[in-house]
Amino acid sequence: MSTAKKIIIALVIVLFIFGLMYMILYAKKIKLLFTESQEALTNPARGFYIQFDSSRISKLETLRKEGITLALMGYDIKDYVREPISLEKLEELRQALETAKEYGIKVIFRAAYGFEAEYEYKDPKDIEITLGHIRQIAPIVNEYRSNILCVQAGFLGPWGEWHHSNLLPEEEQQSKKNRNTILGELIKNLDNNIVINVRRPRFIRDALEAGLDTQRLGFHNDALLSTDSDMGTYDDPKYSRTQELEWVSKNMSHHMNGGEMPKVSVFSSATNATAEFEKLNLTYLNSRYNKEVLESWKKETLNGRNAFDDINNRLGYRYSLKSVTLPKDLKIKKQFDVKITVKNTGFSAIKEEYVTWLIIENNGIVAKFQCDKEQIHLIKGMSEDTLKITANVPQIFEGKNLNIGIKISGPADADTKNYYDSVHLANEDIEYKNGVNYIATYIHEDNRYVLKKLR
């Protein structure tokens, strides 16, 4: 046999082996493709928020019906500038947090010595008073950590916005020392899973320079899109507005950042807002402030649709399925792998505590399998990635049809049957039920399972 013939035969054998391997590995798998929807979804830990005082909790009851899952809880302690917070006032905080949890409303928490301009320079003159208040408040907030989106640093000045405070003198070094002392006390006393939002990026850099653990520090800008410096928010002479936005984008991509807008300006168009919100990884935005800006967005168009609706959908995360690869056939007790490609068109990622599960269900009986390695919170805004889950069909399902779903849930789901802490994926061709995104069914017929896409 000639050398040429030997080479041809060898190539044929190699190709045959590769073909056989491909059939073994891939021929028994089916890749389901999914279509993203434009529906406004009521999902946890993201979106527009309303503000309420901890002493007035009645408005929480109807928020979810309005599509709102977030509320900024103002805790007004102006009556305690010279003394510890009373037991009655502390109980008010506990009851407010309990009520928010009951109605499935995530809390952005902020304590302040007055929520009006008239309280300028009326906070404590002794920093030990404020540190004592932090130590009183933190244990109660920690009890409800699964329902806390973030804690805004607060305490200093009116509204707790870190200006016009007795503890922020004109001498910058002393002001910086006091700011870092307050932050250090918050970091020390609040649960490790609670994000702390600070009013300016410079304050986070100062904290890092002082040796504080800044991994849990996020950013809230309550002068969004207002002036070139956002009313002093970007006040570091070493950074331009553009550089500040780039710094936040680079250093705070997994934080729960948010804020509010005080006025219409040259920066507040929907187009510019979207560009900046992408940089800021914006998770939450005041639904009432500023109404003029919000109304102006309703008259603009973005991505071929109403600009307000587009921004509303993109606040925080917006996860949708791009594809799911499943086995063509299933066998009881036999292990199988699932690949889930997820796209995030939101401005930011979900909180780290949210977990992805594969669900197998029949007539109320559920088996669930957790995604162990790749996690949903690593899929940042404007990106996609593939998650992998290993599962098997328990004996209890033998001979029964199998409903296949994907569940993304946070820690609060363990405390309720309302599925308030589960994520509804933004897809047209799924069915969302009881906190699960159902995507397909295995029909049991002729002693085998046949995979069928749900829609």
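Numbering-wise (UniProt numbering), the sequence shown opens with residue 1 and increments by one. All C-beta atoms in this analysis are idealised placements derived from N, C-alpha and C, irrespective of residue type, glycine included.
State the DSSP-derived secondary structure class of residue i, mapped to helix, strand or coil.
i: Leu282; result: strand
i: Ser422; result: strand
i: Phe397; result: helix
i: Thr390; result: strand
i: Leu167; result: coil
i: Trp232; result: What sits at residue 232 in the sequence shown is Gly, not Trp. It is coil, neither helix nor strand.
i: Tyr438; result: strand
i: His133; result: helix
i: Asp79; result: helix
i: Asn257; result: strand
i: Asn197; result: strand
i: Ser383; result: strand
i: Met23; result: For Met23, the predicted model reports a pLDDT of 43, less than 50, meaning its position is unreliable; a value from the coordinates is still stated below. In the structure shown, Met23 sits in a helix (DSSP, three-state: H, G or I).
i: Ile406; result: strand
On the CB-based measure, 16 or more other CB atoms within 10 Å of its CB, does residue i come out buried or exposed?
i: Met382; result: exposed
i: Ser55; result: exposed
i: Ser409; result: buried
i: Gln136; result: buried
i: Gly165; result: Reading off the sequence, residue 165 comes out as Ser, not Gly. Burial call: buried.
i: Ala275; result: exposed
i: Asp126; result: exposed
i: Val293; result: buried
i: Gln152; result: buried
i: Asn290; result: buried
i: Lys101; result: buried
i: Thr271; result: exposed
i: Tyr26; result: Any reading at Tyr26 must be qualified, since the residue scores a pLDDT of 45, below 50, and its modelled position is unreliable; no value is offered.
i: Glu260; result: buried
i: Ser240; result: exposed
Contact check, residue i vs residue j under 8 Å by CB: the rounded distance?
i: Thr283; j: Leu315; result: 7 Å
i: Tyr354; j: Ile389; result: Actually they do not touch by this definition, with Cβ atoms about 15 Å apart.
i: Ala367; j: Pro394; result: 5 Å
i: Asn403; j: Asn362; result: 6 Å
Of all the CB atoms in chain B, is at least one closer than 9 Å to the CB of residue i?
i: Asn166; result: The chain inventory of the structure shown lacks chain B, comprising one protein chain alone.
Would you kindly report the start and end of the unbroken alpha helix (DSSP H) that includes residue i?
i: Asn313; result: 307-314
i: Ile204; result: 201-209
i: Lys452; result: Not the alpha helix (DSSP H): Lys452 falls in the beta strand (DSSP E), residues 448-453.
i: Thr325; result: First-last for Thr325: 319-327, but that is the beta strand (DSSP E), not the alpha helix (DSSP H).
i: Ser249; result: 241-251
i: Leu87; result: 87-102
i: Gln174; result: 172-189
If you follow the beta strand (DSSP E) that residue i is in, where does it begin and where does it stop?
i: Arg110; result: 106-112
i: Asn344; result: 335-344
i: Asn362; result: 355-362
i: Lys433; result: 431-433
i: Gly67; result: Careful: Gly67 lies outside any beta strand (DSSP E) and carries neither H nor E.
i: Ile148; result: 148-152
Does the region 103-111 come within contact of the region 152-166, defined as at least 3 CB pairs closer than 8 Å? Note that the region 103-111 touches the region 152-166; at least 3 beta-carbon pairs, one per stretch, sit closer than 8 Å.
Between the region 339-351 and the region 312-322, can you find at least three pairs of beta-carbon atoms closer than 8 Å? yes
Segment contact, 8 Å Cβ cut-off, at least three pairs: the region 190-207 with the region 216-226: yes
Taking one C-beta from the region 171-189 and one from the region 226-235 each time, how about it: are there three or more such pairs within less than 8 Å? no
Evaluate the contact criterion for the region 394-408 versus the region 29-37: three or more CB pairs, one atom per stretch, below 8 Å. Counting Cβ pairs under 8 Å, fewer than three are found: no touch.
Inspect the CB distances between the region 43-57 and the region 71-79 and report whether three or more fall short of 8 Å. yes
Three or more beta-carbon pairs under 8 Å between the region 139-147 and the region 90-104, yes or no? yes
Within 8 Å, do at least three Cβ pairs link the region 361-371 to the region 439-453? no
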